[in-house]
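Quick note, our numbering runs 23 ahead of the 1-based positions in the sequence shown. Glycine included, every Cβ here is placed at the ideal spot set by N, Cα and C. Comments concern the structure below.
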Amino acid sequence: MTMEMKDSGSVVLTAYHPHSPARIPGMEQSFVQDIPPGHSPTSRKSLPRCRRINRMLSNESAPPPAFSRSNSQASMDSTSMEDFWCEVESIKESSEDGSEEATLLEFKPADEGELEAEWLQDVGLSTLISGAEEEDGQALLSTLTRTQAAAVQKRYNTYTQTLRKKNKHTVRDVRDIFGTSDSSPTFETVPVSPVPSNGIQLPGQKPVWKSVSSSSCLDCGLDKGRPSVTEELSYEVSFSESITVLPKNQEWPKNQRFKKEDSALPKFIVRKSRFGLTEVGDLSPEDMKKIRYLSLIELTAFYDALGVELKRNRAERVRGRENGLFGVPLTILLENDQKKVPGIKVPLIFQKLLLKLEETGLETEGILRVPGSASRVKNLHQELEAKFYEDTFDWDQVRNNDAAGLLKMFIRELPSPLFTVEYLPAFITLVEKISKIKLQLQALHLLIMLLPEANRDTAKAFLQFLKKVVANEGKNKMNLWNVSMIVAPNLFIYKGKRANQQEMQAAATTAHIVRLLIRYQDILWTVPSFLISQVRKMNEAAMNNSKRQLMFDKGVRKLLRRKTMERERPEKPEGAVTFPPYLQSDIPEGVIRVYAPLHSKVSMAIQLNSQTKAKDILARFHCENSRGSSQTMRGQIQSLHEIGGNIGQHCLDPDAYMLDVYRANPQAEWVIKPKAS
Numbered sequence: 024m025t026m027e028m029k030d031s032g033s034v035v036l037t038a039y040h041p042h043s044p045a046r047i048p049g050m051e052q053s054f055v056q057d058i059p060p061g062h063s064p065t066s067r068k069s070l071p072r073c074r075r076i077n078r079m080l081s082n083e084s085a086p087p088p089a090f091s092r093s094n095s096q097a098s099m100d101s102t103s104m105e106d107f108w109c110e111v112e113s114i115k116e117s118s119e120d121g122s123e124e125a126t127l128l129e130f131k132p133a134d135e136g137e138l139e140a141e142w143l144q145d146v147g148l149s150t151l152i153s154g155a156e157e158e159d160g161q162a163l164l165s166t167l168t169r170t171q172a173a174a175v176q177k178r179y180n181t182y183t184q185t186l187r188k189k190n191k192h193t194v195r196d197v198r199d200i201f202g203t204s205d206s207s208p209t210f211e212t213v214p215v216s217p218v219p220s221n222g223i224q225l226p227g228q229k230p231v232w233k234s235v236s237s238s239s240c241l242d243c244g245l246d247k248g249r250p251s252v253t254e255e256l257s258y259e260v261s262f263s264e265s266i267t268v269l270p271k272n273q274e275w276p277k278n279q280r281f282k283k284e285d286s287a288l289p290k291f292i293v294r295k296s297r298f299g300l301t302e303v304g305d306l307s308p309e310d311m312k313k314i315r316y317l318s319l320i321e322l323t324a325f326y327d328a329l330g331v332e333l334k335r336n337r338a339e340r341v342r343g344r345e346n347g348l349f350g351v352p353l354t355i356l357l358e359n360d361q362k363k364v365p366g367i368k369v370p371l372i373f374q375k376l377l378l379k380l381e382e383t384g385l386e387t388e389g390i391l392r393v394p395g396s397a398s399r400v401k402n403l404h405q406e407l408e409a410k411f412y413e414d415t416f417d418w419d420q421v422r423n424n425d426a427a428g429l430l431k432m433f434i435r436e437l438p439s440p441l442f443t444v445e446y447l448p449a450f451i452t453l454v455e456k457i458s459k460i461k462l463q464l465q466a467l468h469l470l471i472m473l474l475p476e477a478n479r480d481t482a483k484a485f486l487q488f489l490k491k492v493v494a495n496e497g498k499n500k501m502n503l504w505n506v507s508m509i510v511a512p513n514l515f516i517y518k519g520k521r522a523n524q525q526e527m528q529a530a531a532t533t534a535h536i537v538r539l540l541i542r543y544q545d546i547l548w549t550v551p552s553f554l555i556s557q558v559r560k561m562n563e564a565a566m567n568n569s570k571r572q573l574m575f576d577k578g579v580r581k582l583l584r585r586k587t588m589e590r591e592r593p594e595k596p597e598g599a600v601t602f603p604p605y606l607q608s609d610i611p612e613g614v615i616r617v618y619a620p621l622h623s624k625v626s627m628a629i630q631l632n633s634q635t636k637a638k639d640i641l642a643r644f645h646c647e648n649s650r651g652s653s654q655t656m657r658g659q660i661q662s663l664h665e666i667g668g669n670i671g672q673h674c675l676d677p678d679a680y681m682l683d684v685y686r687a688n689p690q691a692e693w694v695i696k697p698k699a700s
């Protein structure tokens, strides 16, 4: 699959350079000069407003950022960015009137070698630092592709060389760790050949692609009949392995421009292979933790392959409030909310604000853009803090624009940004240094996989709402670019505090990132299948290591096996079919036993063929149990789950071909139960 875009003539990208000179003569006038003739200077007071923004957003001791097109990598015409600067001014006013707290995140400089040590810890390879030999680290290393292994090796070499220079302690040679014999250590890597979606490469098997239809692929586009380039994305091969070799003297374009029209964005589709697609919530927390490890390694390898530095911040942890609604860390807020609603994944106050806007505000003209009353928002903020958990707050009194103001305030006041402090620079870099939208999307995809669970779930709910706002453009006059400009400063100039020069110069860049997040969100919250394949291999390697450590005699193993089967066998309700022992233990090849604890018939042996899908098994159970199941169970959406073997837990796509999944994980158990919401 080629990584070249087919729309190179229609999509031109640009971004503000983060390292522009501190002051350029005449820059105070340069932004105003971009206003085209005929644009009314009284329209939203754009000309004086921009001048006020320049004064307000720069420190007294620091000059304002340069807006001149000639001195920045990214630029949009002033009218197209006016909403962005108006929103920044609104944020500034909110912070000045005391409605938002003034705590600033402090960034600490990194000593030489510290970033590499933190990176190794973040990817689950802390054993390389401690010197301990743990199974998880060995299992992870055994799954790496060529480019991923090179990325790990590069960081570890830098770390060890730094320690040797400082003479801190004896460092193990990389050759001792990975069993290499030369001065250029290499990892044993997995083959780069395509792997089936959500599975392991089967001998001699090629991925099978289905024709385009609403059920066979993800179709990400808000084109509404506009012309758009269509391109297919593949999850079968590591993104970093798919990058074509770049010339060593590669220079990234410096004078690119964004096109704000929706039609400028290509239309991507992701076809389902025979393993279907997997969403973030379909995997167990344990496996998602491994997905995060692998995503950071893959993202680093991806940036390395493009010749781009993967930047990250090192922020001091700011302790937020431990109770209340605004300014509380997401994890603490969810812990408090889960005491009221077990299993909840998005904070209750955030859900309620979204629900309020979806019920009454989607058709409001200028929703999100037109600010509510600052005094009303401040009073509503205080009233919510006092009454929300007592269920005495009157939501009918809240106007739509005020609700939108509260929603944006909630995001800004998070002690740590929704997209995390550490990787905000990586979000900016993916646009500033990567020109192809397809490559931008792949980098963005990996960054989403890196997010902590609470951040990822909250961001998903927010983006789903924004997509609904754009879908009502005909009535609310808010298109994709308008919404992106309004949301960007709330997400990337975090906490609404003093915006530094780099943040201000990234205006068009951050708006473009938000546009990608909204437009392609269905793709971004789907787990790439090559990562799932690596998780399977990682789990298998860990199991094999454990097996080698078991030295029980044959009689003990047989006893344990029998006891385990007896303990795990689900209880049969009265009247259920009980299968003889020979059917429970010696299941023929291609036959799986499916358990459905909530059905009246809790177990069924099913012969698989090449066309059996997960939804066929669900339909068979539904038919068998349509009369005997409880009313509660009938109202729930049941899904087939793959549990154990080389995966923790995996909710299967209804279109997954079961014989392929079975062959990828023959030791799994198959259970029908409600899908986690």
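To which residues of the same chain is residue i closer than 8 Å at the C-beta, ignoring the five residues directly before and after it?
{"i": "Asn478", "result": "Leu353, Leu441, Phe442 and Thr443"}
{"i": "Gln672", "result": "Leu306, Ser307, Asp310, His664, Glu665 and Ile666"}
{"i": "Glu406", "result": "Phe416"}
{"i": "Met104", "result": "Met508, Ala530, Ala531 and Ala534"}
Using a Cβ-Cβ cutoff of less than 6 Å, which residues in the same chain neighbour residue i once the five nearest sequence positions on both sides are dropped?
{"i": "Gly703", "result": "One cannot answer for residue 703 here, as it falls past the ends of the chain, which runs 24 to 700."}
{"i": "Ile266", "result": "Ala328"}
{"i": "Leu256", "result": "Phe291 and Val293"}
{"i": "Leu356", "result": "Pro370"}
{"i": "Ala619", "result": "Val625, Phe644 and Ile695"}
Could you compute how far the alpha carbon of residue i sits from the alpha carbon of residue j?
{"i": "Lys334", "j": "Ala409", "result": "41 Å"}
{"i": "Met561", "j": "Tyr685", "result": "18 Å"}
{"i": "Ser307", "j": "Ile670", "result": "9 Å"}
{"i": "Val694", "j": "Lys636", "result": "14 Å"}
{"i": "Asn359", "j": "Pro365", "result": "10 Å"}
{"i": "Lys498", "j": "Ile516", "result": "29 Å"}
{"i": "Lys500", "j": "Ile471", "result": "29 Å"}
{"i": "Phe325", "j": "Ser263", "result": "4 Å"}
{"i": "Ser66", "j": "Glu112", "result": "Residue confidence for Ser66 is low, a pLDDT of 40 falling below 50, so the modelled location carries little weight and cannot support an answer."}
{"i": "Tyr258", "j": "Val558", "result": "14 Å"}
{"i": "Asn505", "j": "Met627", "result": "53 Å"}
{"i": "Leu391", "j": "Glu612", "result": "58 Å"}
{"i": "Lys177", "j": "Leu486", "result": "36 Å"}
{"i": "Val252", "j": "Asp419", "result": "44 Å"}
{"i": "Glu110", "j": "Pro512", "result": "7 Å"}
{"i": "Leu10", "j": "Ala174", "result": "Look at the range of the chain in this structure, 24 to 700, and you will see that residue 10 is not part of it."}
{"i": "Phe553", "j": "Lys312", "result": "15 Å"}
{"i": "Ala397", "j": "Glu445", "result": "31 Å"}
{"i": "Thr185", "j": "Glu345", "result": "39 Å"}
Answer with buried or exposed for residue i, where buried requires no fewer than 16 other C-beta atoms within 10 angstroms of its C-beta.
{"i": "Asn402", "result": "exposed"}
{"i": "Lys188", "result": "exposed"}
{"i": "Arg297", "result": "buried"}
{"i": "Gln465", "result": "buried"}
{"i": "Ile660", "result": "exposed"}
{"i": "Pro475", "result": "exposed"}
{"i": "Pro438", "result": "buried"}
{"i": "Lys295", "result": "buried"}
{"i": "Glu773", "result": "Residue 773 falls outside the range modelled here, since the chain spans only 24 to 700, and no answer is possible."}
{"i": "Glu332", "result": "exposed"}
{"i": "Glu382", "result": "exposed"}
{"i": "Asp676", "result": "buried"}
{"i": "Asp106", "result": "buried"}
Cutting at 7 Å between CB atoms, please list the residues of its own chain near residue i, excluding the five before and the five after it.
{"i": "Tyr182", "result": "Gly136, Glu139, Ala140 and Leu143"}
{"i": "Ala20", "result": "In this structure the chain extends from 24 to 700, so residue 20 is not present and cannot be described."}
{"i": "Lys490", "result": "Ile541 and Gln544"}
{"i": "Arg538", "result": "Leu503, Trp504 and Ser507"}
{"i": "Ile163", "result": "Position check: residue 163 holds Leu in this sequence, whereas Ile was assumed. Once the five neighbours on either side are set aside, the close Cβ partners of Leu163 are Gly147, Leu148, Tyr316 and Met561."}
{"i": "Ala492", "result": "The displayed chain sequence assigns Val, not Ala, to residue 492. For Val492, where only same-chain residues beyond five positions count, the Cβ hits under 7 Å are Leu385, Ile390, Leu391, Asn499, Met501 and Val506."}
Validate contact between the region 545-552 and the region 301-320 using beta carbons, cut 8 Å, 3 pairs: Result yes; three or more Cβ-Cβ pairs closer than 8 Å.
Three-pair Cβ contact test at 8 Å for the region 470-489 versus the region 413-423: no
Validate contact between the region 288-296 and the region 427-442 using beta carbons, cut 8 Å, 3 pairs: no
Residue ranges of each alpha helix (DSSP H) within the region 298-355, 4 or longer: 308-329
Completely contained beta strand (DSSP E) runs for the region 404-483, where each covers 3 or more residues: Whole beta strand (DSSP E) segments, 3+ residues: zero.
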